[in-house]
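Residue numbering for the sequence shown follows our numbering, starting at 2 and increasing by one per position.
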Amino acid sequence: MSGSFPVNHVVPPSNGFDRIAFYTLRWVTRLCDGAGVALMAAILLLIVAAVIARDLLGLGMPWTEEVASMMAIYAIGFGSLSAWVRSEHLVVDLFSHKLSGLGKSLQYRATALISCGFFALAAWGAWIMSDMSANNKTVSLSISFSYLYYGIFFSFAGMALIAVWQTLRGPVAWLEVHDEEEHQEELAQP
Numbered sequence: 002m003s004g005s006f007p008v009n010h011v012v013p014p015s016n017g018f019d020r021i022a023f024y025t026l027r028w029v030t031r032l033c034d035g036a037g038v039a040l041m042a043a044i045l046l047l048i049v050a051a052v053i054a055r056d057l058l059g060l061g062m063p064w065t066e067e068v069a070s071m072m073a074i075y076a077i078g079f080g081s082l083s084a085w086v087r088s089e090h091l092v093v094d095l096f097s098h099k100l101s102g103l104g105k106s107l108q109y110r111a112t113a114l115i116s117c118g119f120f121a122l123a124a125w126g127a128w129i130m131s132d133m134s135a136n137n138k139t140v141s142l143s144i145s146f147s148y149l150y151y152g153i154f155f156s157f158a159g160m161a162l163i164a165v166w167q168t169l170r171g172p173v174a175w176l177e178v179h180d181e182e183e184h185q186e187e188l189a190q191p
């Protein structure tokens, strides 16, 4: 799928609510992809700067580990949210191909509901941990560990909201994930 939002190749729905969801999810995906890439690039630059400062200039930058750790957590959170919107998380299809249309719809909704429960539990755990670790700070910059947990919280809370929408709405044609070969076949047809 080349990492793009699946609806880039689909005509937006004409229905009001689906149209709003279509553009909202596309905007969320692009925002999360951009933020994740920017954070990963910043981590790379930070690590290179730390190595150059230490090895060539003889200057220590011990705070880079603290900042890079926080940036990595947020980058992973943004990437996870984007992957959840695009349905690009690991999926093992054991029996879906044998289900009827109604069965697939029920399976989709049940999976989204169970995922929502796990995401909500993880978000709640991150929120509790952010409260419990409010007084714990990093050594060099005195950054509260709560900020690390906020990144985890926002990621799981966002995925829980999308899972609620998936549960209520059910599967939509414009959010289906296609293989690259299927996409090429669609483009080749007149």
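Yeah, the Cβ is synthetic: ideal placement off N, Cα and C, and Gly gets one too.
Could you tell me which residues DSSP puts in a beta bridge with residue i?
i      : result
Lys138 : Ser145
Please state whether the Cβ-Cβ distance between residue i and residue j is less than 7 Å.
i     : j      : result
Ala43 : Met71  : no
Leu82 : Cys117 : no
Ala69 : Leu47  : yes
Please name the residue, chosen from the options, that lies closest to residue i on a Cα-to-Cα basis.
i      : options                        : result
Asp62  : Ala51, Val68, Asp56            : Note that residue 62 corresponds to Met in the displayed sequence, not to Asp. That would be Ala51, whose Cα lies nearest to the Cα of Met62.
Leu122 : Val173, Leu45, Ile74, Gly159   : Gly159
Glu66  : Leu142, Ile163, Phe157, Gly126 : Leu142
Pro119 : Ala69, Val165, Leu149          : What sits at residue 119 in the sequence shown is Phe, not Pro. Of Ala69, Val165, Leu149, the residue nearest in Cα terms is Val165.
Leu149 : Ala127, Val86, Gly102, Ser88   : Ala127
Tyr151 : Arg110, Ile163, Tyr24, Ala135  : Ala135
So, for residue i: in the same chain, excluding its five sequence neighbours on each side, which residues have a beta-carbon less than 6 Å away from its beta-carbon?
i      : result
Leu84  : The sequence given here has Ala at residue 84, not Leu. Result list for Ala84: His90, in chain order.
Ala137 : Looking at the sequence provided, one finds Asn at residue 137 rather than Ala. The residues are Phe146.
Take residue i and list the residues in its own chain whose beta-carbon comes closer than 8 Å to its own, dropping the five residues that flank it on each side.
i      : result
Leu40  : Met72, Ala73, Tyr75, Ala76, Phe79
Asp132 : Ser147
Could you tell me if residue i is buried or exposed, where buried requires 16 or more neighbouring beta carbons within 10 angstroms of its beta carbon?
i      : result
Arg20  : exposed
Ala113 : buried
Phe18  : exposed
Ala192 : Nothing can be reported for residue 192: it is not among the residues displayed for the chain, which extend from 2 to 191.
Ile153 : buried
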